[in-house]
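In my numbering, the protein residues as written are 1119 to 1336. Below is one structure, written out as structure tokens; comments come after it.
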Ligand code: DX5
Ligand code: ZN
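Listed below in structure tokens is the structure:
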């Protein structure tokens, strides 16, 4: 199975957002990955609703929204209204995760759970059947362009086992430091969706880089 590719708009040229989104429309990207940072859950601030809505006006692909914010339950409906197709909240950021997942699904969006590098996948045992996706952070969230954390491979294996044992349909998404070198092993371990920011947007030919990631195989 080919992986789904979700280029992270965070690494794009914000002064030329329209042409960046049009490039992604033409590319083999499956989703647009949208990183929302609040300066509290993570030590960085990215962008919010007006920028997301501007992206939505041009995007012809689903928006995969990754909320790196405290108390995401306060903003779920607004993110859906701004065009989110999938809404992923951090396990570490919301006290009543089960309720938050139901809240996301009630808007009609798919519901994802993100885990920081230090958070064990075993903590998802009792909620994995309620998730449409689990996003494993393979860097500490907050910034693009960081180095991939190797322990991620082991986490994918444990997560895959958990998903199978609980009969869950959750997809596994990997976010942070993904490139052509680590993609094959990520897929071999069981990743379904690859997020890539700087690897795509810093490359000489982003269209080709996305095509190469799409055809990576284990
Ligand atoms: C990091 C974000 C990532 C980031 C990935 O906090 O969640 O989505 O944009 O960027 P790269 O691929 O450059 O690590
Ligand atoms: Zn992200």
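All C-beta atoms in this analysis are idealised placements derived from N, C-alpha and C, irrespective of residue type, glycine included.
Item                                                                                                                          : Value
Residue closest to residue 1239, alpha-carbon to alpha-carbon, out of 1213, 1257, 1258 and 1275                               : 1275
Beta-carbon separation (whole angstroms), residue 1174 vs residue 1133, contact threshold 8 Å                                 : So it is not a contact: roughly 18 Å between Cβ atoms.
Cβ-heavy atom distance, residue 1295 to the ligand DX5, below 6 Å                                                             : yes
Near the ligand ZN: residue 1184 beta-carbon under 6 Å from a heavy atom                                                      : yes
Where residue 1138 falls, given that 16 or more other Cβ within 10 Å makes a residue buried                                   : buried
Where the beta strand (DSSP E) through residue 1254 begins and ends                                                           : 1251-1255
Element boundaries [alpha helix (DSSP H), containing residue 1332]                                                            : 1324-1332
Under 7 Å between C-beta atoms of residue 1194 and residue 1222                                                               : yes
Alpha carbon of residue 1155 to alpha carbon of residue 1260, nearest angstrom                                                : 7 Å
Under the three-state DSSP convention, the category residue 1161 falls into                                                   : coil
Coil, strand or helix - residue 1311 by DSSP                                                                                  : strand
Touch test, the region 1261-1268 against the region 1245-1252, Cβ-Cβ under 8 Å, three pairs minimum                           : no
Three-state secondary structure assigned by DSSP to residue 1218                                                              : helix
Whether residue 1311 touches residue 1124 by CB criterion (7 Å)                                                               : yes
Strand pairing of residue 1293, partner residues [DSSP]                                                                       : 1255 and 1313
Pair within 7 Å by beta-carbon distance, residue 1190 and residue 1212                                                        : yes
First and last residue of the uninterrupted beta strand (DSSP E) at residue 1185                                              : 1181-1186
Pair within 7 Å by beta-carbon distance, residue 1181 and residue 1148                                                        : no
Residues of its chain near residue 1158, where Cβ-Cβ distance is below 8 Å and the 5 sequence neighbours each way are ignored : 1187 and 1188
Where the alpha helix (DSSP H) containing residue 1206 begins and where it ends                                               : Residue 1206 -> not in any alpha helix (DSSP H); beta strand (DSSP E) instead, spanning 1204-1208.
Check: residue 1348 C-beta below 6 Å from any heavy atom of the ligand ZN                                                     : Missing from the structure shown is residue 1348; the chain here goes from 1119 to 1336 and no further.
Contact under 7 Å by Cβ, residue 1289 with residue 1245                                                                       : no
Counterpart residues of residue 1151 in DSSP-defined beta bridges                                                             : 1126 and 1182
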